[in-house]
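Written out below as structure tokens is the structure these notes cover.
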Amino acid sequence: MSSLEAYKAQFNRNELVHLNNAGLQPITRAAREKIDYWSRRFWEEGYNTDKDYAADVTNTRTSLAGMIGCEAGEVAFFSSTAGAISQVAFSCGLQAGDEVLMWDQEYGSHLYPWKAACDQVGANLVIVESEKNLSTPMEKYLKAITPKTKVIAFSWVQFQAGSQMEDIKHVIETAKQKGIFVSVDIIQGFGLHPCEIWSWGADAVMGGSHKWLSSPVGVGYLALRKNHIPKFKPHVIGMYTYGTCDDPSDFACVPKRDALKFEPGSKQVLEITAMGASIDVLQKTGIKNIETEALRLAKIFRQGLVNLGYEIVSPYQSEKINSTPFINVKPRGAMTNKELSDKLNKEKIFHAVRGPGLRFTPNAFNTETDLEKALFVLK
Ligand SMILES: Cc1ncc(COP(=O)(O)O)c(C=O)c1O
């Protein structure tokens with residue numbers, strides 16, 4: 009069995025057609041088995057699991073760090089991406105008059121924490137307008153940088169139509185040369201495309217479990233470069249900010265030195281360890297193999313839609329259109345987004361209504377039969 013076949017065999021098959029993978033993906037068999045394992049042990053053993061589950065959370069931290077390219081001590085878990093972003097936004101040292109630069113099409117869990125953090129201190133959130141078809145030209149973003157820019161915060165892959173800036177390495181390097189803090193929401197690309205954002209010098213990256221990592225909902229993660237960690241105050245405080253549940257209370261205690269200080273207390277063990285199990289499956293398969301297969305399926309689906317007369321809203325022209333599995337489609341004729349969406353929902357063809365049209369996001373576990381079923385309904 010090839011590694012891709014072994015990966016595909018990780019997923020359940022039934023009548024449902026999963027084409028909203030940028031929304032919520034089915035989880036891998038390995039993730040499900042991990043949940044079964046821990047729930048059974050918690051049921052049977054209670055406190056006897058204490059050290060073992062903590063060790064397994066550490067395994068996930070190590071696997072995630074390996075995939076990001078950072079150290080395990082630079083990773084912190086949260087209950088959502090929003091939590092990870094808020095930690096950075098509220099403790100990165102914004103001051104009155106500073107500017108934070110974002111695109112106008114950022115997802116709310118990314119946009120709102122930065123807005124609130126700016127409002128709290130009188131900093132300015134500067135919004136850069138996307139161009140035609142949700143494209144995000146790098147030059148326009150870089151041009152919006154001023155001497156007051158303190159942070160650039162952008163999504164590696166934008167959620168509505170998969171737009172990416174042309175040369176993110178260049179964007180990060182340019183910002184770093186100017187002493188600007190670089191914060192990147194990687195959720196919509198991580199697990200789908202090989203990720204080099206950290207190696208390119210981003211100061212902080214964050215995301216969540218339930219999209220391209222094929223893991224259960226409920227985990228956000230942050231990787232914060234270790235030189236920043238001492239300067240960032242934990243946004244939420246608890247026993248684990250300082251030590252463990254066995255320590256006596258002591259007002260003289262000091263926060264941990266690594267990113268674990270951002271985790272105030274007990275954790276979502278089932279979700280975190282399940283995410284670790286999925287990450288191991290993805291790493292074993294090879295993210296490049298997953299990307300290649302997702303793009304192959306997306307190309308077939310896109311062509312099928314064009315053949316049926318649908319208009320695709322893509323930030324990209326010509327061959328580059330096939331560089332993302334995000335496919336945003338406008339309904340034909342007089343049909344509204346809602347009408348087309350209702351029709352698809354009735355047949356359990358999962359998708360999302362996003363921006364100008366309906367968003368389909370095939371992933372590598374999908375089959376050509378999934379695409380045929382969806383195209384049949386769209387006919
Ligand atoms: C760009 C982006 N960031 C974050 C999230 C998820 O945020 P949270 O984990 O806070 O629900 C999404 C989900 O749609 C997203 O598209």
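Numbers in the working numbering are just positions in the sequence shown, counted from 1, shifted up by 8.
C-beta: ideal position from N, C-alpha, C; glycine also.
Put simply, of Pro155, Val159 and Asp112 the residue whose alpha carbon is nearest the alpha carbon of Leu142 is Asp112. Asp211 is classed as buried because its beta carbon has at least 16 other beta carbons within 10 Å across all chains shown. For Tyr229, there is no enclosing alpha helix (DSSP H); the enclosing beta strand (DSSP E) covers residues Gly228 to Leu232. A contact is defined here as three or more CB-CB pairs under 8 Å, and the region 136–156 meets this definition with respect to the region 95–112. Between the beta-carbon of Ala360 and that of Gly116 there is about 14 Å, and that puts the pair past the 8 Å contact cut.
Taking all protein chains in view, the Cβ of Ala97 is crowded by 16 or more other Cβ atoms within 10 Å, so the residue is classified as buried. Here DSSP, grouped into helix, strand and coil, assigns His201 to strand.
Leu119 counts as buried, since at least 16 other C-beta atoms from the protein chains shown sit within 10 angstroms of its C-beta.
The residue from Ser171, Val192 and Thr249 with its alpha-carbon nearest to that of Phe259 is Thr249.
Scanning Arg367, Ile237 and Asp193 for the CA closest to the CA of Arg265 turns up Ile237. Runs of beta strand (DSSP E) with 3 or more residues, each lying fully within the region 59–124, are found at 83–86 and 107–111, listed in chain order. The shortest C-alpha to C-alpha distance from Phe240 to any of Asp106, Lys307 and Leu268 is the one to Leu268. When DSSP states are grouped into helix, strand and coil, Thr144 belongs to the coil group.
Per DSSP, Thr377 is one residue of the alpha helix (DSSP H) stretching across Glu376 to Leu386.
Counting only runs that start and end inside the region 218–265, the beta strand (DSSP E) elements of at least 3 residues fall at 228–232.
Look at Ser349 here: in three-state DSSP terms it is helix. Using a C-beta cut-off of 8 Å, the region 188–195 makes no contact with the region 272–280, since fewer than three inter-stretch Cβ pairs fall below that distance. The C-beta separation of Ile295 from His218 comes to about 17 Å, leaving the pair out of contact by the 8 Å criterion. Taking every protein chain shown into account, the CB of Cys126 has 16 or more other CB atoms within 10 angstroms, so this residue is buried. Following the DSSP letters along the chain, one finds Arg40 inside the alpha helix (DSSP H) bounded by residues Arg37 to Glu53. Taking all protein chains shown into account, Ser47 has fewer than 16 neighbouring C-beta atoms within 10 Å of its C-beta and is therefore exposed. Cβ neighbours of Glu114 within its own chain (closer than 7 Å, five residues either side excluded): Ser163.
In the displayed model, Glu139 falls within a strand according to three-state DSSP. Counted as a single uninterrupted DSSP element, the alpha helix (DSSP H) harbouring Val179 occupies residues Ile176 to Gln185. Nearest Cα to Asn22 within the set Ala372, Ile287, Val159 and Ile357: Ile357.
Fewer than three Cβ pairs drawn from the region 167–180 and the region 45–62 lie within less than 8 Å of each other, which leaves the two stretches out of contact. Counting the other Cβ atoms within 10 Å of the Cβ of Phe384 gives fewer than 16, which makes it exposed. Contact annotation: Thr89 and Gly284 have beta-carbon atoms that are not nearer than 8 Å.
Taken atom to atom, the span from the alpha-carbon of Gly77 to that of Ser11 is near 22 Å.
For Gly312, the enclosing alpha helix (DSSP H) stretches over residues Ile295 to Asn315.
By the C-beta criterion, the region 57–64 is judged not to be in contact with the region 294–310, since fewer than 3 inter-stretch pairs fall below 8 Å.
Each residue's CA atom was taken as its position, placing Ala382 and Met75 some 33 Å apart. Of Gly226, Ala161, Pro224 and Ala183, the smallest CA-CA separation from Ile194 is found for Ala161.
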